[in-house]
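Protein chains in written order, with my numbering: chain A, -2 to 678; chain B, 3 to 167; chain C, -5 to 92. Everything below concerns the one structure shown next.
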Amino acid sequence: MVEAGAYPLLRWIVLLPLLAAAIHGVALALLRRPLGRTATLLLSVGAPAVAFVIAFLALIRLIAAPPEQRVLSDLLFTWIGAGSFSADVAFLLDPLSAVMTLVVTGVGTLIHVYSVGYMDDDHREDRGFQRFFCYLNLFLFSMLVLVLGDNLVLMFLGWEGVGLCSYLLIGFWFSDRWNAYCGSKAFIVNRIGDFGFLIGIFLLFWSLAEVDAATVNFRELAEALPRIAEQTVTLPSWLGFLPGAPTWKLTTLIGICFFLGAAGKSAQIPLYIWLPDAMAGPTPVSALIHAATMVTAGVYMVCRLDFLYAVSPGASALIAWTGAITAIFAATIAIAQTDIKKVLAYSTVSQLGYMFLAAGCGAYSAAIFHVVTHAFFKALLFLGSGAVILAMHHEQDIDKMGGLRAHIPWTHRWFLLGVLAIAGFPFMSGFYSKDEILLSAWLAHDLPGHQVLYAIALATAGLTAFYMLRLHFRTFLGESRVPLEQRPHIHDPVQWILAPLAVLGVLSVFGGFLGPSAALNPVPGVAPEHSNSLANFLASALHGAQHEVAFATERWLAVTSVAVAGLGALLAAWLYLWSPQLPARIRTVLAGLHRWVANKYYVDEAYDAVFVRPVVSFSENVLYRGIDVGLIDDAAVNGSAHFVRGFASGVLRHFQSGLTQGYLFLVALGTLAIASYLVAG
Amino acid sequence: MIDLLFYLFAALAVAGALGMLLNVKNTVAGALSLVGTMVSLGAIYVLLDAYLIGVLQILVYAGAILVVFLFVVMLLNLRQDVFSPERLRGTKLLGVVIGALVCVELILLVPSALGPAAGIPADFGGYRALGAALFTDWVLAFEVTSLLLLAAMVGAVILAKRSID
Amino acid sequence: MVEKAVALSALLFVLGALGALTRRNLIVILMSIELMLNAVNLALVAFSRQWGDLAGHVFVLMVIVVAAAEVAVGLGIVLSLFRNRESVNVEDVSLLKW
Chain A
-2 MVEAGAYPLL RWIVLLPLLA AAIHGVALAL LRRPLGRTAT LLLSVGAPAV
48 AFVIAFLALI RLIAAPPEQR VLSDLLFTWI GAGSFSADVA FLLDPLSAVM
98 TLVVTGVGTL IHVYSVGYMD DDHREDRGFQ RFFCYLNLFL FSMLVLVLGD
148 NLVLMFLGWE GVGLCSYLLI GFWFSDRWNA YCGSKAFIVN RIGDFGFLIG
198 IFLLFWSLAE VDAATVNFRE LAEALPRIAE QTVTLPSWLG FLPGAPTWKL
248 TTLIGICFFL GAAGKSAQIP LYIWLPDAMA GPTPVSALIH AATMVTAGVY
298 MVCRLDFLYA VSPGASALIA WTGAITAIFA ATIAIAQTDI KKVLAYSTVS
348 QLGYMFLAAG CGAYSAAIFH VVTHAFFKAL LFLGSGAVIL AMHHEQDIDK
398 MGGLRAHIPW THRWFLLGVL AIAGFPFMSG FYSKDEILLS AWLAHDLPGH
448 QVLYAIALAT AGLTAFYMLR LHFRTFLGES RVPLEQRPHI HDPVQWILAP
498 LAVLGVLSVF GGFLGPSAAL NPVPGVAPEH SNSLANFLAS ALHGAQHEVA
548 FATERWLAVT SVAVAGLGAL LAAWLYLWSP QLPARIRTVL AGLHRWVANK
598 YYVDEAYDAV FVRPVVSFSE NVLYRGIDVG LIDDAAVNGS AHFVRGFASG
648 VLRHFQSGLT QGYLFLVALG TLAIASYLVA G
Chain B
3 MIDLLFYLFA ALAVAGALGM LLNVKNTVAG ALSLVGTMVS LGAIYVLLDA
53 YLIGVLQILV YAGAILVVFL FVVMLLNLRQ DVFSPERLRG TKLLGVVIGA
103 LVCVELILLV PSALGPAAGI PADFGGYRAL GAALFTDWVL AFEVTSLLLL
153 AAMVGAVILA KRSID
Chain C
-5 MVEKAVALSA LLFVLGALGA LTRRNLIVIL MSIELMLNAV NLALVAFSRQ
45 WGDLAGHVFV LMVIVVAAAE VAVGLGIVLS LFRNRESVNV EDVSLLKW
């Protein structure tokens, strides 16, 4: 194991947002005096900005070091020490966490800036300008702990922290009960995933402890894992229907447990249901948490544990298939949604499916590349939609929009760039990262059915282009369906909001050049060592599958995906731009199908009926009425009181009648008893 | 012959006891029938070779203790006893039954535990033998009883005084 | 004869106990207690006769002394009670009732 260089500034990346959150919290809770607006801005926007600068400096350090020594660490203190086991509060910066940290702090800073403009316009009674920034900074702190933690336990701390902040922020406008419900739903579904995460940690630790290598530190885990890489577990007979039964690799089981946690956090099937409802929170929250950072924590975790998944083909196959199916499933739902944010939410679920597909195929750097580019364009799209919502005075239904290009031109321009990026317009960021993923699916010969995976991913690319362009056309182009009296009030938002949009727009266009594939280099003749730079940078940390592929194959695959995306775009243009009456006719013809898709295939209702209602009913009737009230309150507590009272007044009272002869009788009885005992014994 | 006498005096004793128990109206009559019991018991003691005890029984019990009872009864001028038979009938019957059971149990138990009879000297139970035992082996008990009697005397006097001045 | 004496003693004891528990005249109760003590005396004498041990007789003497003392004090109490309550009914002295 390479000795990690010490870099004491690392802790400030994490601690600055925590400090900002703490100051806000103290001001709100103890002093009950909100800080002045300038102070809030400096603190809340300054903290992530400075963290970004520090992360950037650390990145430069990393790049300067030779590839084998690209590790920086900073140890704060030993958090849990028990015998030979220790979990430290220590931060580890290697290429993987460096990339994630830059994304988190960079996009985070932009969104904090955006929030200033967005929350200013918020006129609700429970406005909470300062509370919002407190929670936002707390979230950044948790996310950074998650990304920079050097051991599983610290990562879990950050994991739970982001779950908590997600709940706090989704239900931010809590005076509306629906928002609070959505926050609870997000948290609870996350917890189901966390159960898997914990089981994974325990299994891993336990199996390693049996070979005397018990640790939770990532670097030590990577070293120690080969010792249990070939162990198998025997499944019980009632699980015999599972593929590969009855013997499974131990690492596969562990990998699946960890993936359950990732599925909860990153909204994959079956735990994706919280993300669309999470749109009840303010738009900056949706942008930060549910597009750029928190939901990518699952992807980060899988890539962080690449050494585990490399020896678990079963778990990797499950991840790839789940990702692919989630991608296409969510994409089909997105094509029928009419709320701007819901479309973007399902789009996020779908794109996360892409990332897991790449991770399952062993292309971890492709997954991280897509994380980065997705952060750019999805944050841009969400922020743009926030600007639209503000302009429309909190109207979110695209059926009531249209023709907004004339009213909010700048928003339209930046939004369009985001749409093109996600659709995979050639040479934009989305194009490069998506093609890396398609390539990895095409080349994953070890994965059963990888051609089907490629086909699914390709189809999803077409669907993505379709629904994103549908969204764009319905919102900004075509006939305006906005009520006449509202039209004069629609205008571009303030600079606080537009500036982050601009930055993200530029990044969405040019961000792909962080790591373009050599085959798709737009400028021929540029030295190949500049291509694949992201992948090369990450290669020292991630050990994915290596494939050799001809440039020609890559280029053909790229052409195919552009063609499919183009088809989707043309279809969207035909239906929503050139013949706008067609969608209504299609809707009436395929009414049943449309209702299914628009209602998200009734998955939420199914979960409600199968899981939620029985549990709630059981809890209410059996646990509450039966056991708590009936057994504990009535029978045990009240019952024993009644019994004592009855016994005393019915039986014991007669022993103290005050009558001498009664007492004499008792004496005689007692004597008789003793005498009998003595005689008999 | 001795057995016959024993049965006779035993019957008299039981009759006297029953007379005291079942007599509701007249307390004096009850006390007097108890005197009969005491005398019969004294006779039985004599039959059991306990001569001194038998005499003492008649002297002390019949002649002193029951006389005191009679004094008090007459002093208090008690005629009627308040005794409502209806209320106690059930428990009385139960008491009688239980008492009979206990009695039978005791009677059945004892003979098997008695063991062989020991021979007794000629002056067994006479004043000389009893006096010798009392003043040598049991002298402590003897002295303590004198204390007891003193305490009882003082108590009786104080309790019976009309007022303590 | 010793067995018969013991049987008689048992019978007399039970009669005395019944009287003490059933009758409500305090004086009769005290007399029943005397009867019980006499029954015990009879048993003691019988056993003493059986085993030829004079300790039984000495015990009887002590019992007689105690009975005398108890009667004296007990009747003194009855007198005080009668002076205060005009009644020797034992149910009238139930101040210890709960």
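Glycine residues also receive a C-beta, built at the ideal position from the N, C-alpha and C atoms.
Three or more Cβ pairs closer than 8 Å define a contact, and the region 257 to 275 of chain A meets that threshold against the region 192 to 199 of chain A. Apart from sequence neighbours up to five positions away, the residues of its chain that approach A/Y4 with a beta-carbon distance below 8 Å are A55, R58, L69, S70, D71, L90, ordered along the chain. A/L205 and A/L93 have their alpha carbons spaced roughly 24 Å apart. A direct Cα-Cα distance of roughly 8 Å separates A/V416 from A/F374. Annotation: Cβ neighbours of B/G157 in chain C (cutoff 7 Å, chain order): V67, G70.
A/P45 is a Cβ neighbour of A/G105, given a cutoff of 7 Å. Rounded to whole angstroms, the separation of the alpha carbons of B/I160 and C/V87 is 20 Å. For the pair C/M25 and B/A13, the Cα-to-Cα distance works out to about 19 Å.
In this structure, A/G399 keeps its C-beta atom at 7 Å or more from the C-beta atom of A/R467. In the structure shown, A/K246 falls within a strand segment according to DSSP collapsed to helix, strand and coil. A/A331 and A/P273 have their C-alpha atoms some 10 Å from each other. The Cβ of A/S646 sits no closer than 7 Å to any Cβ of chain C. Counting along the chain, A/A499 sits inside the alpha helix (DSSP H) bounded by residues 492 to 507.
Taking a beta-carbon distance threshold of 7 Å, A/T668 does not count as an interface residue toward chain C.
Excluding residues up to 5 positions away in sequence, E28, L31 lie with their Cβ nearer than 7 Å to the Cβ of C/A61 in the same chain. When beta bridges are read from the DSSP output, A/V86 appears opposite A/F74.
Bounds of the beta strand (DSSP E) holding A/T231 are 229 to 231.
Per DSSP, B/N25 is not a residue of any alpha helix (DSSP H), being assigned neither H nor E. Contacts between C/L90 and chain A, judged by CB atoms closer than 8 Å, involve Q653, G655 in chain order. Excluding sequence positions up to five before and after B/Y9, its CB lies less than 7 Å from no other CB in the same chain. Positions of the beta strand (DSSP E) runs, each at least 3 residues long and wholly inside the region 550 to 582 of chain A, cannot be given because no such run exists. By the Cβ criterion, the region 104 to 120 of chain B is in contact with the region 1 to 8 of chain C, since at least three pairs of Cβ atoms, one from each stretch, lie closer than 8 Å. Among the bridge pairs identified by DSSP, A/D336 is matched with A/D394. Shown here, C/N19 sits in a strand according to DSSP, grouped into three states. Chain C has a Cβ within less than 7 Å of the Cβ of B/I67.
Annotation: Cβ neighbours of B/L58 in chain C (cutoff 8 Å, chain order): L55, I58. Taking a beta-carbon distance threshold of 7 Å, C/V87 does not count as an interface residue toward chain B. Here the alpha carbon of B/G127 sits roughly 42 Å from the alpha carbon of C/F76.
Put simply, the backbone Cα of A/V296 is about 9 Å away from that of A/K262. When C-beta distances to chain A are compared with 7 Å, the residues of the region 12 to 35 of chain C below that value are A14, L15, in chain order. A/P406 counts as exposed, since fewer than 16 other C-beta atoms from the protein chains shown sit within 10 angstroms of its C-beta. Under the DSSP definition of a beta bridge, A/N148 partners with A/N214. A residue is called buried once 16 or more other Cβ atoms fall within 10 Å of its Cβ, and A/P279 is buried on that count. Under DSSP, A/L69 shares a beta bridge with A/G2, A/L90.
A/A226 sits in coil when the DSSP states are folded into three classes, being neither helix nor strand.
When the beta-carbon positions are compared, A/W411 and A/G383 stay at least 7 Å from each other.
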